[in-house]
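**Q**
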Amino acid sequence: MAGSTRASATNNLQRFLRNGIGMVGAIIVLGTIVLAVAAPVIAPYGAEETHPNWKLYPPNEYFLMGTDEFGRDILSRILFGAQISLEVGIISVAIALIVGGASGLLAGFRGGWLDGVIMRCMDVLFAFPAILLAIGIMAVLGTGNILNAMLAIGIVYAPSFARLARASVLSLKEMEFVQAARVLGQPEMRILARHIVPNILAPMTVQISFALSTAILTEAALSFLGLGTPPSVPSWGSMLSASRRYVELDPWPAIFPGLAIMLLVLGFNLFGDGLRDVLDPRLRAGD
Amino acid sequence: MTQYVIRRVLAIIPVLFGISVLVFGLVHLIPGDVAQILLGTQATDQQLATLRRTFGLDRPLPIQYVDWLSHVLVGDFGVSFRTDRPVLPDLVQRFGVTLQLTLVSMLIALAVAIPLGAASAANRGKLSDGLSRVIALLGLSIPNFWLGTLLILFVSLVLHWLPPVGFVSLLDNPWLGIQTLILPALALGTAVAAFIMRMVRSSLLEVLRQDYIRTAHAKGLREFTVLYRHALKNAFIPVLTVIGVQVGYLLGGAVIIESIFSLPGMGRFLLDSISNRDYSIVQGGVLFIALIFCLVNLSVDLVYGWLDPRIRYE
Amino acid sequence: MLTILLTLVVACARAPEAPPATAVPTAAPTPAAAAKPTVPASAATPTNAPAAAPKTATTTASGTELVIGKDQEAPGLDPAKNPAQAATRVFDLMYSRLTRLDANMRPQPDLAQTWDISPDGKTYTFHLRQGVKFHNGRELTSADVKYTYERIINPDTASIAKSFFDPIDHIDAPDPSTVRIVLKEPNTPFLVNTAATWAGIVAREVVDANGGDLNKVDAGSGPFMLQEWTPDTRTVLVRNPNYYLPGQPAVDKITFLIMPDENARIAALRTGNVQFTVLSAAGFDTLKNDSSVKAVEGPTLSYAYLGMNVNKPPFDKPEVRQAISYAVDRNEIINSVFRGHARPTGPVPSAMADWAIDVSQIDTYTPNLDKARQLMADAGVSNVKTTMQAMSTLSYQVDAAQVIRSQLLKIGIDAEVQPLEVGVYVDNWKKKNMDLMVGGNGSGTNPDRAVCFFFCTDGSANVWNYTNPQVDSDGAEGRTATDQAAAKAVYTDAQKQIINDAPNLFLANQNQFLAYSPKLQNFTVMPDESWPGLITASLSS
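Residue numbers (our numbering), protein chains in the order written: chain G, 1 to 287; chain A, 1001 to 1314; chain P, 2001 to 2541.
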């Protein structure tokens, strides 16, 4: 895989800016981040602030997205919910990246029995459907706890980073500049840090984007099942699940949280697609 | 070919072993007295003592593991503390429902994805191609539980076209059964369809670039024949591996969809067991699904090897 | 694309009227009057109903079957040990007691055909019906009654009804059809307590054969026999052919299907897959205009409460508990959680009109955030992080917990809501180690149960570690009082004490909601939310 050196990084950035799909994704993601960070300031009401006379109202001038069964403003809850989705997404992917990436790097670089053991472990984790493994880990760690959710999702997505890291390292290992560094007697960590890591950044970044979209979906699913955040906390998934009982009386609370999840996930998917288009023509989704 | 089969089978044995260790470890990592955990807090001291004796819960962990494994290998997955019923038969029965859901989802996904993906590749660059790609991305991004809720709201409660929740087995009554399964299968299968469609498209485009396709064109064969007789067959091979992974997604996603549509499948069984703290079932269920998934992947590998001789000699 | 289309159609299908214009809002405005945009009822009977296997009254080879959508599974079926309604509703039909309550909640003969009470009020002599058989075939005698009550009083049984029958001094069974129960002192609620589901008469040999535990078996003599119990799926009861009341039960078989999801129960009721189910306020509002089912609302003798563990800081400080009482807005709970189908209450629910005190003027019931914050400051308590447990399958509990949480946040208490499954919830309840717990109590028909069972120091349902000698003595006096006025005075005092000490906050006395097929006849709604009406209910075809 032809790695991109620092010189062509600016080149890539320019190409990305011209890539329509990726830019749309970037705008969505950045927009959501801004909204999430600004939520305490721009949200018209508190996330758990109830207005009992306004239960289950459709969108109106006072509550732009309507209200839920306790009279809480859906718009405000969506804004605060963005914080949760992004927080869980980022931290769990960070965990997956660090744990998985490090394992894969190690396995690929050292080879031998260490490689075998690490990759077998990853195979075992891969053998479980993702959401099932996340649920199982939550069952053990304790449900209704956001930290456990981050940990569980991180563990579940570590293997894919491990595989990617290992594959990249394996192909890089044989390259001349790496061989040269070894011959020169440079310490391993230096080789890894100086030569290997910068060159695997490109495919990793693409993977990170897709991992974020999946992690956000998984967190929403866990919250929907009641396993993620405790009730009242405005996670988009649990907002959706609470809306089901009232769906015949008022469908709006069932629409907005789902829309939010879909948009954010779409944003990361578009971003990842765009990145992939730019960074590795061979991996592009067929162009 | 036989050599290949043997090699693949041998390769999954350490994975199976690892799965069993992980599942065993999951339950034993739960804080608290294992006997109490497995039997629940309504258990009498007598029942607790019996369980400890039967499973030797005071012996070192590795020995307990071997003991548990030897039970599992003969099909004894333990008993539920709430019902005293053996775990495995109930799992198998509920899995029948999940299986129906998974099959119908996959069929729908394939029926939609393959033609769409092929058409998209054939019309590359045109508006219809762009449109399909956007639809596929939407399909990938939409949460399946939201889609399920919307389908119930729209199709059942507003339009009254299909029953909202409930299950009738295809084996009992195919016509009613399919009615109860369509909405859940749609909700579950959409993401799979989107994923496969993208794979089909990219794989097909890859194949269409090949020399032998140009030869076929040069020979004057019609576009249709080229596409379906030569290209698609070869393009399908990498798609096949993706199908294996997607089955895993379907098995996992079934957990959520079964809850929404009140289907008495294995996913719901597992979820209920977790809230009931019935860990015998959690243990058995997770193990069961992982095993099935493993077997599916193995089969996909074998079919792949049969279809593409190059793989066999790797 | 598809989803956007879907959402647009859905939105258009529900075009509501605009909410009434009010003054320009700075914060949350209050809408003028109760004019809420009406959502057109799309819950109309489906005409081209693709009903999945629609059923009429099922007539099996052996007779009629009534299928019931039940919201929770019973943790066990032992009548002496299971407090939860999910359990009592089932074994109510399996076990006979000395007496049974009628629709006015007065004791009527059941196993005891007649009874005499001695002039000093301490000796009750019951004359038993002849020829009653247990489900295993053996004839029921006075020895069984004696055994059952002794089992309940025995501390090893850990029976939930122990405090009802601790006042018993001894029991004689002079002949097979006479039981004489002698009390230590007169006890006004005693006769009513013999009608409790927990006092179901059990067959000793079944108890012994099962290690002292009847949770999974049937040791009864009632109108229905347990045929099958598959936890979390189905409980099947079949009629007892030897039942002693003619014409009862009216149906041959009752199948309880466990369906925790209310949407699923409503759908099943509409298609006829179940003929009877229980609803929340939201479910009732959804179905009340649906002409294909009968949705009924009835009063109850229950109330929803917020329980506080009096031993755990900071709830060990009375100022904190009072602060919580000032912070919790009970009207909001009545409005949001019960959608208006409830009323404020004390420990004796307002439906028990003879005994309940008037709570409309109680100071601590009026929300007052300033006072609340002041009390918290006085107690030197701030930034509390705690937990609030609720039963996950009872939506009103989880909903109330959420509303309470938002109210407590305003006085510096962050209570994380923890929905728990029935078995786990009941466990925690019994263990008395919770912080805060939302729950529901059925307070029975007599003030002794409402007051003492739950709040006397040795009350079996006092899981809050609450003790107040004044309440105890009030309870004791009330139990032995012969004069109605005197009794009323002590119970009034007890209620005031309890409200002031606030081991529990009494949130609302809510209504019950049931829905059933129009084909179901002769079902009487009971204020204690039990379903003995199923014994007389019949299905027309």
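Glycine is no exception: its CB is placed at the ideal position from the N, C-alpha and C atoms.
1. Among G/L184, G/A167, G/Q14, G/F210, whose alpha-carbon lies nearest the alpha-carbon of G/G111?
2. Using the Cα positions of P/W2531 and P/F2091, report the straight-line distance between them to the nearest angstrom.
3. Can a CB atom of chain A be found closer than 8 angstroms to the CB of P/M2391?
4. Is it the case that the Cβ atoms of G/A372 and G/G104 are separated by a distance below 8 angstroms?
5. When burial is assigned at 16 or more other CB atoms within 10 Å of the CB, is G/W113 buried or exposed?
6. Go through its chain and collect everything with a Cβ distance to P/T2141's Cβ below 8 angstroms, but skip five positions before and after it.
7. Using a Cβ-Cβ cutoff of less than 7 angstroms, which residues in the same chain neighbour P/D2329 once the five nearest sequence positions on both sides are dropped?
8. Would the segment 1068-1079 of chain A and the segment 1146-1154 of chain A be scored as touching if the rule is three or more Cβ pairs under 8 angstroms?
9. In terms of residue numbering, what span does the beta strand (DSSP E) encompassing P/S2302 cover?
10. Round the Cβ separation of P/M2388 and P/Q2418 to the nearest angstrom and send it over; I've been treating them as touching at under 8 angstroms.
11. Could you have a look at P/N2509 and say whether DSSP puts it in helix, strand or coil?
12. Quick one, are the C-beta atoms of P/K2216 and P/A2158 less than 8 angstroms apart?
13. Look at the Cβ atom of A/N1234, then the Cβ atom of A/V1207, and state whether they are nearer than 8 angstroms.
14. Would P/K2122 pass as a contact of P/L2183 if the rule is Cβ separation under 8 angstroms?
15. Between which two residues does the beta strand (DSSP E) harbouring P/A2173 extend?
16. Under 8 angstroms, do A/A1122 and A/M1197 count as touching if we go by C-beta distance?
17. Evaluate G/I98 with the Cβ neighbour count: other Cβ atoms within 10 Å of its Cβ, from every protein chain shown; 16 or more gives buried, anything less gives exposed.
18. Rounded to the nearest angstrom, what separates A/G1220 and A/R1214 at their Cα positions?
19. Let's test the definition: count the other Cβ atoms within 10 Å of the Cβ of A/D1090 and tell me whether it reaches 16, buried, or not, exposed.
20. Should P/A2087 and P/T2099 be called a contact, given that it needs their Cβ atoms to be closer than 8 angstroms?
21. Taking the straight line between their C-alpha atoms, what separation do you get for P/A2494 and P/F2165?
22. Who are the near neighbours of A/V941 in its chain, counting only those whose CB is closer than 7 angstroms to its CB and skipping five residues on each side?
23. If G/L133 sits next to G/V156, beta carbons under 8 angstroms apart, how far is it from one beta carbon to the other, in whole angstroms?
24. For P/T2482, is the classification buried or exposed, using 16 other Cβ atoms within 10 angstroms of its Cβ as the cut-off for buried?
25. Where do the ends of the beta strand (DSSP E) carrying P/Y2124 lie?
26. Where does G/M189 sit, in a helix, a strand or coil, going by DSSP?
27. Starting from the beta carbon of P/N2273, find every residue of chain A whose beta carbon is closer than 9 angstroms, and list them in chain order.
28. Can you tell me whether P/P2241 is buried or exposed, with buried defined as 16 or more other CB within 10 angstroms of its CB?
29. When the cut-off is 8 angstroms and only beta carbons count, does A/T1149 lie next to chain G?
30. Could you tell me the distance, in whole angstroms, from the CA atom of P/P2518 to the CA atom of P/S2292?
31. Leaving out the 5 sequence neighbours to the left and right, which residues in its chain are closer than 8 angstroms to A/L1061 when beta-carbon positions are compared?
32. One question on the structure: do P/L2093 and P/L2214 come within less than 8 angstroms of each other, judged by their Cβ atoms?
33. Could you spell out where the beta strand (DSSP E) holding P/R2180 opens and where it closes?
34. Please list, in chain order, the chain A residues whose beta carbon lies closer than 7 angstroms to that of P/D2261.
35. Residues of chain G with a CB under 8 angstroms from the CB of P/V2398: which are they?
36. Give me the DSSP bridge partner(s) of P/Q2418.
**A** This is what the structure gives:
1. Looking from the CA of G/G111, the closest CA among G/L184, G/A167, G/Q14, G/F210 belongs to G/A167.
2. The straight-line gap from Cα to Cα measures roughly 10 angstroms.
3. No, P/M2391 lies away from the interface with chain A (no Cβ there is under 8 angstroms from its Cβ).
4. Residue 372 of chain G is absent from the structure shown; chain G starts at 1 and stops at 287.
5. Exposed, since its Cβ has fewer than 16 Cβ neighbours within 10 Å.
6. Only L2128, A2173, P2176, S2177 meet the Cβ criterion.
7. The answer, listed in chain order, is P2367, Q2407.
8. At 8 angstroms Cβ cutoff, the stretches do not touch.
9. From DSSP, the beta strand (DSSP E) with P/S2302 extends over 2302-2308.
10. Between P/Q2418 and P/M2388 the Cβ distance is about 7 angstroms, and since that is below 8 angstroms, they are a contact.
11. In this structure, DSSP gives P/N2509 an extended state, which the three-state scheme calls strand.
12. Contact flag unset, no.
13. Taking C-beta atoms as the reference points, A/N1234 and A/V1207 count as a pair closer than 8 angstroms.
14. Their beta carbons are under 8 angstroms apart, which means P/K2122 touches P/L2183 by this criterion.
15. Run containing P/A2173: 2168-2175, per the beta strand (DSSP E) assignment.
16. No; because the gap between Cβ atoms is not below 8 angstroms, this pair is not in contact.
17. G/I98 sits exposed, since fewer than 16 C-beta atoms from the chains shown fall within 10 Å of its C-beta.
18. Between A/G1220 and A/R1214, the C-alpha separation is close to 10 angstroms.
19. Buried, by the Cβ-count rule.
20. One thing to note: P/A2087 has its Cβ no nearer than 8 angstroms to the Cβ of P/T2099.
21. Between the alpha carbons of P/A2494 and P/F2165 lies a distance of about 21 angstroms.
22. Past the edges of chain A, shown from 1001 to 1314, lies residue 941 of chain A, and the structure says nothing about it.
23. Yes, they are in contact, since the Cβ atoms of G/L133 and G/V156 sit about 5 angstroms apart, within 8 angstroms.
24. If you draw a 10 Å sphere on the C-beta of P/T2482, you find fewer than 16 other C-beta atoms in it, and that means exposed.
25. 2123-2128 is the extent of the beta strand (DSSP E) around P/Y2124.
26. DSSP places G/M189 within a helical segment (H, G or I) once states are collapsed to three.
27. The answer, in chain order, is G1166.
28. When all chains shown are included, P/P2241 counts as exposed.
29. At least one chain G Cβ lies under 8 angstroms of A/T1149.
30. In this structure, the straight-line span from the alpha carbon of P/P2518 to that of P/S2292 is close to 7 angstroms.
31. Excluding sequence neighbours, A/L1061 sits near H1028.
32. Going by C-beta atoms, P/L2093 is not nearer than 8 angstroms to P/L2214.
33. In the DSSP assignment, P/R2180 falls within the beta strand (DSSP E) that extends over 2178-2183.
34. Contacts between P/D2261 and chain A, judged by CB atoms closer than 7 angstroms, involve S1262 in chain order.
35. Those within 8 angstroms of P/V2398 in chain G are P231.
36. Under the DSSP definition of a beta bridge, P/Q2418 partners with P/Q2389.
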